[in-house]
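Residue numbers 1 to 96, in UniProt numbering, belong to the letters of the sequence shown in order.
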Amino acid sequence: MNLKPLNDRVIVKRIEEEEKTAGGIIIPDTAKEKPIQGEILAVGSGKLMEDGSRRPLDVKAGDRVLFSKYAGTDVKVEGQELLIMREDDILAIIEK
């Protein structure tokens with residue numbers, strides 16, 4: 001991938017949710033909401049502070065994260081649909 005995020009931005013690939021409910025009901029595409037979980041593919045160099053220093057990001061490539069529903073900007077790169085968002089839009093890291 002030839003895409004590198006700047007400053008405190010990250011690139012996230014959405015993780016699709018199950019198409020069935022626990023009871024076995026299949027959810028049609030029109031009723032599905034966009035997933036709010038994803039995997040970090042790349043991170044920027046860090047948040048630029050007022051004194052000119054950089055604060056490293058709390059997330060790293062490979063982390064699974066939970067983010068707000070309308071966070072980020074959708075982009076399509078090399079046939080993949082990705083999100084570019086600020087670290088502030090990430091709500092939590094999902095630990096395995």
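Backbone N, C-alpha and C fix where the C-beta goes; we use that ideal spot for every residue, glycine too.
Alpha-carbon spacing of residue i relative to residue j, whole angstroms
| i | j | result |
| --- | --- | --- |
| Q37 | P5 | 19 Å |
| K76 | V12 | 12 Å |
| E95 | T73 | 25 Å |
| S68 | V59 | 16 Å |
| I84 | E16 | 17 Å |
| L91 | Y70 | 12 Å |
| L41 | M49 | 24 Å |
| D89 | E81 | 18 Å |
| P56 | G79 | 30 Å |
| I93 | R14 | 14 Å |
| N2 | L66 | 24 Å |
Exposure label - residue i; buried when at least 16 CB within 10 Å
| i | result |
| --- | --- |
| R54 | exposed |
| E87 | buried |
Beta-carbon proximity check, residue i vs residue j, cutoff 7 Å
| i | j | result |
| --- | --- | --- |
| R9 | E39 | no |
| G44 | N7 | yes |
Residue range of the unbroken beta strand (DSSP E) whose run includes residue i
| i | result |
| --- | --- |
| G38 | 37-43 |
| A92 | 90-94 |
| I84 | 80-86 |
| K69 | No beta strand (DSSP E) holds K69; DSSP gives it neither H nor E. |
| K13 | 9-14 |
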